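Shown next, in structure tokens, is the structure this report addresses.
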Amino acid sequence: MPDPRGIGNQYYEIRERCVVIQTEVFSTSGCGECAKVRARLKAIAEAMGHDKITWHDINILDEMDYAVALGVMSVSAVAIDGRLAFSSLPSADTLRAELTKRLSA
Amino acid sequence: MLTIGKVAARAGVSIDAIRFYEKEGLLRPAQKTEARYRLYEEAALRRIRFIKQAQHCGFTLAEIRKLLELEKGDAASCNDVRNVAIAKKLQLEHKIKTMKIMSQALSELIGICDDETKPIEECPILEALETSITKYESGVW
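Listed in order, the protein sequences are those of chains A and B. The opening residue of the first sequence carries number 1 in the working numbering; numbering runs sequentially from there. The opening residue of the second sequence carries number 1001 in the working numbering; numbering runs sequentially from there.
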């Protein structure tokens, strides 16, 4: 019997199985220094593999409800797999250690 | 120069409030007379308006002091102030969310009390609150 959810959903299921970690970075526009830090952090995540880690930049003002639901209390924060992981931007080493820990879990 | 009474009257705050702002480091008299009466410049009125407006936006006096420090500092930019405002908005949104949950809990309690003629000892609202406390204390929650 064919899967009633269709081929499209099967594709997403396979994709979800491959993508191990979802990273969401909350920020606002207008902070040049924060943008540089974010770019460095993004490069770390990307270096660990696009198939393992996804990276989404979220403008906190566009997604205020979502930010509040996650417990974000400052303009820069990082959520991993739908939970607040860092209440401010972490250092490169801290993020790398966290992602490595989760990948090996 | 303005006396504390004149500043209070023109700014629409009490004399005690002005003394409190001074104690909190938000406002200083331009000078004191020999008899130690405080005297203020017109700028004090602008400062008090600033404090009141910031309080209307939910800022505490400690946060207002930080805003004023940002204003004075050379290193700060408008974006720093914007970030403080966004953080405050997040804080307010959290409070709104919590209060909505509390309001919903009250709606549910009001909903279970469908008989207004019941005596106080059979009040389902009080009973539900009592049960909640028991559950909480026994670690069911």
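All C-beta atoms in this analysis are idealised placements derived from N, C-alpha and C, irrespective of residue type, glycine included. In this text, all values refer to a predicted model and were calculated from it rather than measured experimentally.
### Close beta carbons around residue 1025 (chain B), own chain, < 7 Å, minus the five adjacent residues each side
1065
#### Entry: Where residue 1136 (chain B) sits in the DSSP three-state scheme
helix
### Message
Within 10 Å of its beta-carbon, does residue 1 (chain A) have 16 or more other beta-carbons around it, so buried, or fewer, so exposed?
### Response
Low confidence applies here, because residue 1 (chain A) scores a pLDDT of 47, under 50, leaving its location unreliable; read the following figure in that light. By the neighbour-count rule (16 or more Cβ atoms within 10 Å), residue 1 (chain A) is not buried but exposed.
### Task
Give the DSSP bridge partners of residue 1059 (chain B), in chain order.
Looking at the DSSP assignment, residue 1059 (chain B) forms no beta bridge with any residue, so it has no partner.
### Query
Quick one: is residue 100 (chain A) near chain C, going by C-beta distance under 8 Å?
Here the protein chains are A and B, and chain C is not one of them.
### Message
Rounding to the nearest angstrom, what Cα-Cα distance links residue 1121 (chain B) and residue 1127 (chain B) in this structure?
### Response
9 Å
### Message
To the nearest angstrom, how far is the alpha carbon of residue 28 (chain A) from that of residue 1091 (chain B)?
### Response
16 Å
### Query
Mind checking if residue 1010 (chain B) is an interface residue toward chain A, Cβ cutoff 8 Å exclusive?
Judged by the 8 Å Cβ criterion, residue 1010 (chain B) is not in contact with chain A.
### Query
Terminal residues of the continuous beta strand (DSSP E) containing residue 1018 (chain B)?
Not the beta strand (DSSP E): residue 1018 (chain B) falls in the alpha helix (DSSP H), residues 1015-1023.
### Message
For residue 65 (chain A), report the span of its alpha helix (DSSP H) as first-last.
### Response
64-70
### Query
Mind checking whether residue 1038 (chain B) and residue 1004 (chain B) have CB atoms under 8 Å apart?
yes
### Query
residue 1052 (chain B) to residue 1060 (chain B), Cα distance in whole Å?
10 Å
### Task
Consider the Cβ of residue 942 (chain B): report whether some Cβ of chain A lies at a distance smaller than 8 Å.
Chain B is shown from 1001 up to 1141; residue 942 (chain B) falls before or after that span and cannot be answered.
### Message
Looking at the strands, I want to know which residues DSSP matches up with residue 106 (chain A).
### Response
What the structure shows of chain A is the stretch from 1 to 105, and residue 106 (chain A) is not part of that stretch, so it cannot be assessed.
### Message
Cβ closer than 8 Å: which chain A residues qualify as neighbours of residue 1126 (chain B)?
### Response
The contacting residues do not exist; residue 1126 (chain B) stays about 33 Å from chain A at best.
### Query
Going by other Cβ atoms of all chains shown within 10 Å of its Cβ, with 16 needed for buried, is residue 24 (chain A) buried or exposed?
buried
### Beta carbon proximity, residue 86 (chain A) to chain B, threshold 8 Å
no
### Task
Using beta-carbon positions only, say whether residue 99 (chain A) and residue 21 (chain A) come within less than 8 Å of one another.
yes
### Task
Specify, as a first and last residue, the run of the alpha helix (DSSP H) that residue 61 (chain A) falls within.
For residue 61 (chain A), there is no enclosing alpha helix (DSSP H), as DSSP gives it neither H nor E.
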